[in-house]
Every structure is written in C-alpha cells, then in structure tokens.
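FYI, the numbering for the sequence shown is 618 to 1069, going by this note's numbering.
In this text, a Cβ means the ideal position worked out from N, Cα and C, and glycines have one as well.
Working notes, structure below.
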Amino acid sequence: MRKDRKKRRSRWIDIGFLTVVSASAFTVLLLLINSVVDITSIVPKSEVLRASVEKPTVTVESAQSPYEGITIVKETTNDEQRPFSIEYPQSEFKSFNDQVAAYVEEWKERFAADGGKPGELAVSFETAEHSAGVYSFAVRASIASEEKQTADIRVFRINPQTGKPLDIVEMTGNDPEKLKRLATAVRSVILEDSHLKGVLVKDRLWAPTEPKWANYRNFALSDDSMTFYYGAGVIAEKQAGSVEVKVPLEKLNPFLAQPFQVKAAPSNEKRVALTFDDGPDPYSTPAILDVLEKYDAKATFFMLGSRVKTYPDIAKQVAEAGHEIGNHSWNHPSLPKLPDEKLYEEIQGTTDLIKEAIGQPPAVFRPPYGAVDERVFQSTKLPVVMWTVDTLDWQHRDPQKLLEHVMYYTHENSIILMHDIHQSTADGLEAVMEYLTAQGFTFVKVSEIEDY
Ligand code: NI
C-alpha cells in the first residue's frame, strides 16, 4: 500500500516537470518561427512564387497488370531538366517487393548522386511467363546524361499465387555437375550466336559464365527457353549494351529439374559421339580430321596439356574445323592420387593452355583412365565425360579390330572412345564412318549427348 502511494506521488511530480519543460520549449519554438517569418518577408514576393512553381512534382500511381497478383507501380515527374520514368512490378509478397524496390531505389540514388546535372533516368520491365505459374520480370534501368550512359538489367522471379521465388539452384535440382553442363551449353550458344559475332569479347566470356550459382541468377524463364542477361560490357563491347542469350529448354533438358523439362520434338535421329583422346599428334590427328570432314562429322578431342604445348597449331586446327575440345589433364596421371596442388595444375593448367592455344577454353573434361572421385569432380569447372564404347585401339592397334568393336558395341547415344595418337586408328576410321553412316547414325559433339 505504501509503495503505491509513493508511486502516485512521484507521477504527479513528473507531470509537473513535463509541463514546465514543454512550456519553455514552446516559447523557444515561437521565437524561432518568428525569425524565419522575418527572413522570408525580406525576399520579394514574386521570387517566392516562382520558386514554388518550378519545384517539380513526382507522381506515383499503381495500375493493374495483365498478370494476376501483380500490380505495376509508375513514378514520373514533370521535371524537364531531369526527367525520369519508372515502372516496376509489385506483388502481394513482401520479400519480392522489397527486392525490386531496393533495385529501383539503388538507381534513384545513383541518379540523385550526379549533382543535379541534366539527365534522364528510365526504369522499365518486360515479363516472361512459365506455365508452372512463375513470372520473370526483367527490369531494365538506365541513366543517360550528356557525359555518359549507364545501363543494367536485373531479373526478379516469383509465383504470384504462392509468393515462391525461383532460383537457378532449384532449376538445376541443386546439382553442381548439372550447373557445369548448363554453363557449357550457355557458352556454346553465346559462341554460335550470329548477333554477337562482331561485338563479343571472347576474353571476357569465361569469368561471367563459370559454373558458379551466382553467375546464373539473372535469367528469365518461358515455356520454351531460358534467357540469360548480361549487363553492358560484361561479355560484349560496352557500346553493344546489355546482352540477352536465349537458350532453348530443349538444349538444357538433361540438366534441368523435372518440372522444367520440355518434351523434345520427336526425332528419328540416331546420335553417336566420337571421341579422340591423348592428342594432338602431328601426323595422325590431321589424318583423322580429313576423314571426319569427308563425312561432315563433328567429334570431340580430349587433349593433353603437355601435347598442346608441343603442338599448339594442331590443337588450333582441330578447333577451327568445328570440333569440340576437351581437357584430358596435363600428363595423364591417375588424378585421385594427386595432392591438391598438383591436381589443380593438371586440370587448370591444361584449361589455361588450351584457352591460349585455341582462343577458348575446353568445353568438357575427361579424367585419364576414367579415374575420378569427389575431389576431382569438385576441382574441375567442366562437365566430366566418360565413354560407353571402348574400342581398345591403344591395345590392339588394328584397323579391323577397331571396326569390329564399333560394330559390336555401338548403340544410339553411344560415346565411342578412340585415340588420335595411333596411326592404326586414323587408318581404320574411314571404315568406321562408312559403317555408322550406313546404320543411320548422325555424329554429334559429346556435350550434345543427353546422358553422359
Ligand atoms: Ni587417355
């Protein structure tokens, strides 16, 4: 009881104190306002008026989009010196909205940071739709001023019914080997894209397409393709602006998670992949190229770094004929036995050298003797490719036996292992090609075989 009374008394004291404090604060505030009024009254009335007329206004509107659960926010201004036009999507889900808004905010700040010079900010977006209910919004932002032009594009994905985002990890079933295959497929589409021919900077291509999850986040998904976006200057000349790379889902099928796979168009094509290991060789490799050319066939050559170093021109000749180049280590050791540092040299050293010799890195990797373990898998950035038909050409060195092995074991989608360092293989190849062609096979690069 006594405690209560004490409390009540102290509360009255508090109220009294607050009254005194706020009364004096109010007096100070009145004084301040008076002095402000004094200052403005010195400025001629007409000038005050003009300043208030010229202050630009910003309009923010929200509109329905054609997509259920998505609204479009539009922000514009009547500022003629520094106009902006901003449009971006919002959903019913906070996390998506915050991410998009943060990106837009980043560009507004960048625009504000250039100190009021004449310029224009534009933010707009385009939408791709996937029948699983996922929408991809590719938001383009640019600032144009007299001095410079900056632009970027960022994709945000959401299922507006569930609020679930979709990322590249989910697209590929969280499998790093599938990501490597995706990377190889994306690179080959980029290299074959005729629109990019004049502007692509090959040296810049490798880092932003390395198989890291972060490199493959900027994509839009439709029912038949994935489109990857690269900002201006990332893989092409800066003047070319941002680059879009559209990859048909059919090409990515084997390494996409099940919900994103598409039914491939029915094909009567019976495919087979010819692979040649351990080269290049100055005699038998060119002889093999001649035979392949005669049959208009593309193959894959798994090269040793040590031999590419000795015969860089042969390596180049193979690549220029349109064949796929693979990394087969530097010296052909059994990789699982190697210490980390040596393993890195065997794989990365060979990749770097091939890049130097032919102007692009290898597309695939095959471990010597097919010897591979988890550590070897992790230390290569390339898809690991084995074989399904072993011709034993290195053992028998007999053109007739080469043909017999091929005849006996080859099926649709076979990956045939041969070696381009043996003259007997070059000698026997013509009969092999004759046989496979007669059987109705078409010859593809190994990375085009669905399961490897
Ligand atoms: Ni080998």
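Pairing V879 with N870 gives a Cβ-Cβ distance under 8 angstroms. If you ignore the 5 residues before and after A914, its C-beta comes within less than 6 angstroms of the C-beta of F1060, all in its own chain and listed in chain order. Of the other Cβ atoms in all chains shown, fewer than 16 fall within 10 Å of the Cβ of E1067; this residue is therefore exposed.
Taken from the Cβ of D894, at least one heavy atom of ligand 1 lies inside 7 angstroms. Straight across, the Cα-Cα distance linking V806 with A1048 is about 33 angstroms. DSSP places A916 outside both helix and strand once states are collapsed to three, so it counts as coil. Bridge partners of K795 according to DSSP: none are assigned. In this structure, P953 has its beta carbon at no less than 7 angstroms from each heavy atom of ligand 1. Out of F701, I760, D907, the CA that lies nearest to the CA of T674 is found in F701.
Per DSSP, S996 is one residue of the alpha helix (DSSP H) stretching across 991-996. It is roughly 14 angstroms from the alpha-carbon of V1023 to the alpha-carbon of G1057.
When the beta-carbon positions are compared, V690 and S679 come within less than 8 angstroms of each other.
Around T968, the same chain offers N944, P978, P979, K998, L999 as residues with beta carbons nearer than 8 angstroms, after the five sequence neighbours per side are excluded.
G896 sits in a strand when the DSSP states are folded into three classes. The Cβ neighbour count for S748, taken over all protein chains shown within 10 Å, is under 16; the residue is labelled exposed. Remark: C-beta atoms of D1037 and F893 approach each other more closely than 8 angstroms. For H949, the Cβ falls inside the 7 angstroms cut-off from some heavy atom of ligand 1. Taking the Cα positions, K855 is about 12 angstroms away from R821.
By the neighbour-count criterion, in which a residue is buried when 16 or more other Cβ atoms sit within 10 angstroms of its Cβ, G939 is exposed.
Here DSSP, grouped into helix, strand and coil, assigns Y1026 to helix. Short of 7 angstroms from the beta carbon of V721, and not among the five residues preceding or following it, lie these beta carbons of its own chain, in chain order: I703, Y705, V740.
Apart from the 5 residues on each side of it in sequence, V1063 sits with its Cβ closer than 7 angstroms to the Cβ of A890, T892, T917, E941, V981, V1002, I1032, Y1069 in its chain, given in chain order. Assignment of beta-bridge partners to I703 by DSSP yields E692, V740. DSSP lists S842 as the bridge partner or partners of P865. Bounds of the beta strand (DSSP E) holding D769 are 766-775.
For S1041, no beta strand (DSSP E) encloses it; the enclosing alpha helix (DSSP H) starts and ends at 1040-1055.
Spanning the alpha carbons of P984 and G732 requires a straight line of approximately 57 angstroms.
Counting every other CB atom within 10 Å of its CB across the protein chains shown gives T676 a total below 16, marking it as exposed. Selection D1010, E973, V851 evaluated against G1045 yields D1010 as nearest (Cα-Cα).
Contact between the segment 894-912 and the segment 926-940 is established, with three or more Cβ pairs separated by less than 8 angstroms.
With respect to the 8 angstroms criterion, D810 and V772 are not classified as neighbours on the basis of their beta carbons. S923 is not a Cβ neighbour of L960, given a cutoff of 8 angstroms. Each residue's CA atom was taken as its position, placing Y846 and A831 some 13 angstroms apart. At a threshold of 7 angstroms, H1039 does not count as near ligand 1, since its beta carbon sits no closer than that to any of the ligand's heavy atoms.
Excluding the 5 residues flanking it on each side, T688 has same chain C-beta neighbours closer than 7 angstroms at S679, A680, Q681, S682, Q707, in chain order.
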